[in-house]
Every structure is written in structure tokens, then in C-alpha cells.
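Contents: one structure, followed by commentary.
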Amino acid sequence: MNDLLSPLVLSQWQFGLTTIYHFLFVPITIGMATTTAVFQTAWVRTSKAKYLQLTHFFGKLFLINFAMGVVTGIVQEFQFGMNWSTYSRFVGDVFGAPLALEGLLAFFLEATFIGLWIFGWDKLPRGLHLATIWLTAAGTILSAYFIIAANAFMQHPVGFELNKVRGRAELTDIWAVLSNKVALAAFPHTIVASFMVSAALVICVAAWHLARNQHLDTMRPAIKFGMWTMIGAGILTVLTGDQLGLAMVSTQPMKMAAAEALYKTSSGADASFSIFTLGTPDGVNELFSIRIPYLLSFLSTHTLNGTVEGINDLQAEYTSLYGPGNYAPVIWVTYWAFRWMIGLGLLSVIISIVGLWLIRGGRMPKQRWVWRVAVWAFPLPLAAMIVGWIFTEMGRQPWIVFSLLKTKDGVSPNITGLDVLISIVAFTLIYGALAVVEFRLIKRAAQKGPDDVVPLDDTSGRPSDAVTVY
């Protein structure tokens, strides 16, 4: 019972659940802002009504999702003070800097230009109005960078000095924090993966309409755009993931060892990558596996004969550096999260490649299952990003700030398990209600489809009779 009401365990669950819930909206917002900007650019360049329809249509989905993301993101900030006050005091001087930049610079950039974009259709010239949605998209991406830079400090702390008297890390070099090697590697990986998620949403909505033979003039180019984006972003996700892996090996070798459940330091053919492994309940001994020789060595060092440190050797090293304790994360979580991340992402790309083949030359598949696969495949890249985040955070354990502060030492000292449990129940009820609202709004807007073409003013995309689009 004590474990069930542990403030540490409950606080971890609460932050994890609220972050996952918030993260449902983040990649869609990042990707849909750029998607809307691309369609509006196509309209400005060609003056074709179908691109204006797609701009308005996917712009609605973007705005609904953006609003919900803002609401759910605020809750996380309160948790730093309520559940993780010791962590906040220790790292606040450093962690607060990129978060302040995100709020004061990136978020205000988004908010300002979203307003100009919504209300500027009949007031701004086409080119200037187009710039507002591109600046909105830039704001979402810039916001993501500052958040990633803050998180990267937890993975690889730089740009600080440890004040032992005050018992906290103090910022000495903001540029070192913003140019953290982990942030520089994680940022492009996160952004292109977000484009995969938005592409999946475009494919899902377009396939739903095409299966019903409606809005063909707009949904045919939309689904092609979604599939090509999925393939291109998928390739870039693999390439950027490779660079992130190299950064991870150099800063957190235990995380890479845990991703492969590699207990003994290996090199060359012995440093193989397992596609599937069965082991004993404690995870120490392997019973059966399907392996690719040399692949783990290549992923970790970009050489076929590189050495990959194992959990046992790293445990001994960390014990000598940081004192007694278990410095390995939960192996089965990191092992399977790493594989689900890769597998779900690759499956999304494969579905798009097959989809492009099936609709080549203007073909329209008659089989209902083809469209159903396209619709129901939407969650795949989003699920891949979520388990990727779980791998990133769980692989860092037992540290909340790697090598500086353990997670168990970061929880608020005066909070009780009952306090956290009550807030978890409250958040669950509120988030459940918000989920119903979000789903219904998105579903209604998506199923309605693009608005019909109406006479347009010569200088804007706003209907000349001032009909409100949003």
C-alpha cells in the first residue's frame, strides 16, 4: 500500500500521463501549421481554388488542435512547483532560461501571427497574409526548439556550475545550453517526425472522403501530398535518428545499452542488433533472439568493429563515480519502446508507399479495406513519437538530471501520495472531458470537408460576401 501511495511513483505517473496527453497535440500542431502554409503558398502561386479550400480546411483542424494544446500544456508547468519543487529549485536557474524564451519569444510569435492570419484574410495583401501563416509555423518550430533545449539539459547538462552552498545548478552560458549537442540532434528528429504525424492526419481525412467519392478535386491532391510527405519525412526521420543515436552514445551510453539489453561490452559481429528477443524474467539471460550482426556497432559508432559498452561495465563505472545504486533503467521498457518506435514509423512509411502505388495514374481503389487502412493508420506515427519520448525519458533513469540529481531526490518533500492521487483523478476527469470535446470538434470539421468554392475578392482568399470561414 505504501508503494501504491508513494509520492515519487504517483508523481512520475502523473507527469508521464499528462505529458503524453499534451504530446498528442504537439506534433499535429507543428506539422499542420506547415501543411496549411504549404497549401496557401500553392494557392497564392497558382490561384487554383482547390488549394484555397485545402488551406481553409486544414487550417480549421490546425486551430482546433492548437487551442487544445495550449490548454493541456499549462498543467505541466504547475507540476514543476507542486510535485517537483526540489528539482525546480535545483535546476530552475538553468531550466527556466529556455522555457522563458519559449514563452516570451516563440509562443508570442505564434499567438500574434495566428491572430493576423485568422482575421487578416480580407485586410492584408495575399503575400503579406501568406507570410503570417509561415511565421506562425516558424513560431511552432522555434517553440519546440526551446523545449527540446530545456529537456536536453536533463539528458546532458552543460553551461552551468554547481553551487554546493545553495545546492543548485546555476546558469553560466546560455549559448552552451541552447547549442547542447543533444538538443541539436533531437530537434530535427522531432520536427521531421512531427511532419509524419501531420501527413498521417492528411492521409486519414482524405482517404475518408475519397472512400465516399466526395470532394474528389481537393482530396486527391491532399492524399498524394500526405503520402509523399510521409515518405520524405520518414527518410529524414531515419537519418536524423541516426545522428541522435550517436549523440546518445557519447552522452548516455547506458541508454543505448538498455535499448539493446546489452549486458556485456561487445564489438564487431558480437555487437549485433536484435529484432526480437526472449529472455529470462530478470532480463539478464537471453533464451532466443533474431539478430543482425554488426548493426548495433554501426549504429553506435558508424564502424563495423566499434565497441559498444554493456550494462554491467557501465554499472561498475557509475558506481565508482556516483556511489552505490542501480544505474540501469527498466530494461524491458527501453528495449521494447525503442523497437516499437522504429517499427511503427517504418510501417507508416510502407503504407504510404503502397498507397501511392495503388492510386497511381488517377486510380481509385474499389476495395473498402484499402481506404480503411489509410484511415486507421493515422495513429501509427503519433504512437511512434510517444513511445520514443517514453524511451528518451525512461532511458535516463534513475536520473532526473543525468549525473547531477536522481529522480527520487527531485520530488517535493512535503507532498503526500494522497495529494498526488487526488490531483491525478482530477486531471483524468478534466482531460477526459477535453478529449471528448477535441475528438468531436476534429471529427465534425474533418467529416464536413472543405467548403464549397464561392466568389473571391481579387486580393484575398476571403469570400467577397464576407462569409466567415472560421
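Residue numbers for the sequence shown follow UniProt numbering, so the first one is 1 and each next one is one higher.
By construction, the Cβ of each residue, glycine as well, lies at the ideal position given by its N, Cα and C atoms.
Identity of the residue in the options nearest residue i by Cα
i	options	result
Thr307	Tyr318, Ile351, Leu262	Leu262
Leu184	Ala137, Gly245, Gln214	Gly245
Gly343	Gly234, Leu358, Val425, Tyr322	Gly234
Leu201	Lys448, Asp451, Pro450, Ile442	Ile442
Ala328	Phe402, Pro7, Ile386	Phe402
Ile223	Leu135, Thr237, Val354	Val354
Leu295	Lys48, Arg440, Asp242	Asp242
Met82	Leu101, Ala337, Ser412	Ser412
Leu408	Thr46, Trp84, Met32, Thr19	The question names Leu, yet the displayed sequence has Lys at residue 408. Nearest C-alpha to Lys408: Trp84.
Ile351	Phe66, Pro365, Lys366, Val373	Val373
Ser348	Met364, Tyr318, Ala383, Pro365	Ala383
Leu24	Trp13, Leu8, His156, Phe439	Phe439
Phe146	Asn180, Thr334, Thr237, Thr251	Asn180
Ile30	Ser6, Ala152, Thr190	Thr190
Residue i versus residue j: straight-line alpha-carbon distance, rounded
i	j	result
Ser267	Ala258	16 angstroms
Ala169	Ile390	25 angstroms
Ile331	Met341	15 angstroms
Leu429	Ala435	10 angstroms
Leu304	Gly361	43 angstroms
Thr36	Phe62	8 angstroms
Thr172	Asn163	11 angstroms
residue 520	Phe107	This structure cannot speak to residue 520, because the chain is shown only from 1 to 470.
Asn213	Val205	13 angstroms
Val192	Gln40	20 angstroms
residue 484	Pro125	Past the boundaries of the shown model lies residue 484; the chain is included only from 1 to 470, so the question cannot be answered.
Ser460	Trp376	Because Ser460 sits at a pLDDT of 49, beneath the cut-off of 50, its placement in the model cannot be relied upon, and the point is left open.
Arg291	Phe273	5 angstroms
Glu110	Thr140	6 angstroms
Gly96	Ala446	38 angstroms
Arg396	Leu135	34 angstroms
Thr34	Ala137	5 angstroms
Neighbourhood of residue i by C-beta distance below 6 angstroms, restricted to the same chain and skipping five residues each side
i	result
Val469	For Val469, the pLDDT reaches just 40, beneath the cut-off of 50, and the residue's location in the model is therefore unreliable, although a value from the coordinates is still provided. Answer for Val469: His56, listed in chain order.
Asp313	Thr265
Leu405	Phe90
Phe338	Ala259, Phe391
Local Cβ density within 10 Å of residue i, reported as buried at 16 or more and exposed below that
i	result
His129	buried
His22	buried
Val165	exposed
Met68	buried
Phe119	exposed
Gly310	buried
Glu161	exposed
Thr18	buried
Contacts around residue i, its chain only, beta-carbon distance under 7 angstroms, and the 5 residues preceding and following it disregarded
i	result
Gly115	none
Close beta carbons around residue i, own chain, < 8 angstroms, minus the five adjacent residues each side
i	result
Met1	With a pLDDT of 42 at Met1, under the threshold of 50, the modelled position of this residue cannot be trusted; read the value that follows with caution. Nothing meets the Cβ criterion.
Q. Going along the chain, which unbroken runs of the alpha helix (DSSP H) with 4 or more residues stay wholly within the stretch 46-103?
A. 49-82, 85-101
Q. Whole beta strand (DSSP E) runs in the stretch 319-399 with 3 or more residues, listed along the chain?
A. none
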